[in-house]
Amino acid sequence: MAEKSEGELLKEKLFYVRKNTTEVMNDSDIDKAFDFCEGYKEFLNLSKTEREAVDTAVDLLSQNGYSELVPGTRYLPGDKVYFNNRGKAIVFATIGQKPIEYGVKIAASHIDSPRLDLKPNPLYEDSDMALFKTHYYGGIKKYQWTTIALAMHGVVAKKDGSIIKVSIGESADDPVFCITDLLPHLAQEQSKRTLADGIRGEELNILIGSRAFKDDKVSEKVKLNILNLLFEKYGFTEEDFLSADLTFVPAEKARDLGFDRSMIGSYGHDDRVCAYTSMMAAIDADSPEFTTVTVLSDREEIGSYGNTGLDSDYLKNFIADLCEPYNIDVRKVLSNSKCLSADVNCALDPSFSDVGERRNASLLGYGVVVTKYTGARGKSGTSEASAEFMSEIRDILDNAGVIWQLGELGKVDIGGGGTVALYIASMDIDVVDVGVPVLSMHAPFEVVSKTDVYMTYRAFYEFLK
Ligand code: MN
Ligand code: MN
146 MAEKSEGELL KEKLFYVRKN TTEVMNDSDI DKAFDFCEGY KEFLNLSKTE
196 REAVDTAVDL LSQNGYSELV PGTRYLPGDK VYFNNRGKAI VFATIGQKPI
246 EYGVKIAASH IDSPRLDLKP NPLYEDSDMA LFKTHYYGGI KKYQWTTIAL
296 AMHGVVAKKD GSIIKVSIGE SADDPVFCIT DLLPHLAQEQ SKRTLADGIR
346 GEELNILIGS RAFKDDKVSE KVKLNILNLL FEKYGFTEED FLSADLTFVP
396 AEKARDLGFD RSMIGSYGHD DRVCAYTSMM AAIDADSPEF TTVTVLSDRE
446 EIGSYGNTGL DSDYLKNFIA DLCEPYNIDV RKVLSNSKCL SADVNCALDP
496 SFSDVGERRN ASLLGYGVVV TKYTGARGKS GTSEASAEFM SEIRDILDNA
546 GVIWQLGELG KVDIGGGGTV ALYIASMDID VVDVGVPVLS MHAPFEVVSK
596 TDVYMTYRAF YEFLK
């Protein structure tokens, strides 16, 4: 091989160059990444809502030696505990070798995703068809949710306190549901609407039936037939919709994407990809130096409001429960703690590359993304990681050979967004956003790269271990 020139050597030493995972990783590591993603796809298919993600997490944690936290217990190094917050969020800990006053290491992701919730009084009949009225949850482009197969998930809470779990549309022999759209032949007026207005909120009505109940003495026969079916199968009436969390999500399963199977297409990568990778990392880091605290939160997509979102005190209370038997002030623990806010970033889309700034946008396949700040306009609404904390994270990832990259959420002034990071920062904790680059974020079918998913798992592992 020809000797490198002075300029080449200098460039190697001085330039920052991002690397494509599939170019740098050896084949056996790529195989490992692909294998890891088999478990991830299973998690996705079992966990289409935050409630289902909590159920799946409880199963996984129980299989790996975690038990429910009992307040007042003096937990010892290696002990594993979890707290299930109302079945919609979960936080769990592995007790570290170092006493808790040295702080904890937190990975905080979210398990809610954009979707269509039912309105409290959703069912109606029109033109001999039965439909559901919906109210969308999180940021969606509404036109993407028409003419795709939808599944219904959720719970109905009856007045007697009993809970009916519902999941229809996931098995191959289940029926599915859909939102209809206008045929192009008659869409001249609709086509003049702006894209944002192409399908309006009140047009997101889900078609659920068309067969009439045979009785000439009644009206709304299709609606009656639907209610009769629901009553026979689940034992609830129209009034019970008033106390239900029912939601419609894409019925499609997670699939390998591309001839080379290098990617996964699925609903809900944002943010189950970080929930899964951080959970597996925390389980695998089974005798950590510092106590690890992993939280799979709810309500992030609507701003983390509510008692299962990270704007509530449940994470702090969980850590306080670990401290209390040792008479340790939780404030001291929090200010010594560090957190990876585990959330996705937007990968540069080759068809829409003008919204990203190439030098600072995350790239699909270039590894886990560390995002110094999110926010909008002049960094509004972001906690921003300090130079000092960024350097700690760089050191951890580089030492372990984790392939990682930087990322920003689009060009300056083009839009923006946020994560749970600011709620963690408000507890006086050092925090930075770390996660997987995603294409088509918030769409019914989002895309991630398998090697990025694996590098994200490795990043969480190296941070937590
Ligand atoms: Mn997210
Ligand atoms: Mn999101």
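Position one of the sequence shown corresponds to residue 146 (this note's numbering), numbered consecutively onward.
Don't be surprised by glycine CBs; every beta carbon is placed ideally from N, CA and C.
- Residues lining ligand 2 by the Cβ criterion, that is a Cβ closer than 6 Å to any of its heavy atoms, are ASP415, GLU446 and HIS587 in chain order.
- For the beta strand (DSSP E) assignment, the uninterrupted runs of no fewer than 3 residues enclosed by the region 438-489 are, from N- to C-terminal side, 483-487.
- Rounded to whole angstroms, the separation of the alpha carbons of TYR379 and TYR568 is 39 Å.
- Taking 8 Å as the cut-off, the Cβ atoms of CYS419 and GLY580 count as close.
- Not a single heavy atom of ligand 1 lies less than 7 Å from the C-beta of ASP443.
- Of the residues assessed, HIS330 falls on the exposed side of the cut-off, its CB having fewer than 16 other CB atoms within 10 angstroms.
- The Cβ atoms of MET600 and ILE541 do not sit closer than 8 Å to each other.
- When Cβ pairs closer than 8 Å are counted between the two stretches, the region 591-608 is seen to touch the region 412-426, the count reaching three or more.
- Residue pairing by DSSP puts HIS255 in a beta bridge opposite SER442.
- Residue environment analysis places ILE428 among the buried positions, since at least 16 neighbouring C-beta atoms fall within 10 angstroms of its C-beta.
- Shortest gap from the CB of VAL489 to any heavy atom of ligand 1: under 7 Å.
- Around GLY413, the same chain offers LEU189, SER192, LYS193, SER258, VAL394 and GLU591 as residues with beta carbons nearer than 8 Å, after the five sequence neighbours per side are excluded.
- Nearest to SER482 by alpha-carbon distance, out of THR516, PHE435, THR527 and SER457, is PHE435.
- By the neighbour-count definition (other C-beta atoms within 10 Å, threshold 16), GLN208 is an exposed residue.
- When secondary structure is reduced to three states using DSSP, GLN333 falls in the coil class, being assigned neither helix nor strand.
- For VAL226, the enclosing beta strand (DSSP E) has its first and last residue at 225-230.
- By the C-beta criterion, the region 289-303 is judged to be in contact with the region 316-336, since at least 3 inter-stretch pairs fall below 8 Å.
- For ASN370 and ASP360, the gap between their C-alpha atoms comes out near 10 Å.
- Residues LEU214 and PRO216 of the same chain have their beta carbon placed closer than 7 Å to that of ASP466, with the five preceding and five following residues left out of the count.
- The closest heavy atom of ligand 1 lies 7 Å or more from the beta carbon of HIS298.
- For the pair LYS149 and LEU159, the Cα-to-Cα distance works out to about 15 Å.
- In this structure, LEU349 and LEU261 form a Cβ contact; the two beta carbons are roughly 6 Å apart against a cut-off of 8 Å.
- CA-CA distance, VAL489 to VAL513, rounds to 9 Å.
- Per the DSSP secondary-structure output, GLY562 pairs in a beta bridge with GLY520.
- For ASN544, the enclosing alpha helix (DSSP H) starts and ends at 532-544.
- In the DSSP annotation of this structure, the continuous segment of the alpha helix (DSSP H) that includes ALA604 starts and ends at 595-609.
- A distance criterion of 7 Å places the beta-carbon of THR519 beyond contact range of ligand 1, judged by its closest non-hydrogen atom.
- Membership of SER411 in the beta strand (DSSP E) is indicated by the continuous run 408-411.
- Here the region 268-276 lies against the region 353-368, with 3 or more beta-carbon pairs under 8 Å apart.
- DSSP, reduced to helix, strand and coil, places PRO495 within a helical segment of the structure shown.
- Taking a 10 Å sphere around the C-beta of GLN550, we find 16 or more other C-beta atoms and assign the residue as buried.
- Nearest Cα to ALA252 within the set GLU533, ALA430 and LEU509: ALA430.
- Beta-carbon to beta-carbon, ASP575 and CYS484 are separated by about 7 Å, close enough to satisfy the 8 Å threshold.
- Distance from the C-beta of HIS330 to the nearest heavy atom of ligand 1 is not below 7 Å.
- Looking at VAL598, GLY561 and SER432, the one whose alpha-carbon comes closest to that of PHE179 is VAL598.
- Cβ contact annotation for LYS186 (same chain, cutoff 6 Å, sequence separation greater than five): ALA399, in chain order.
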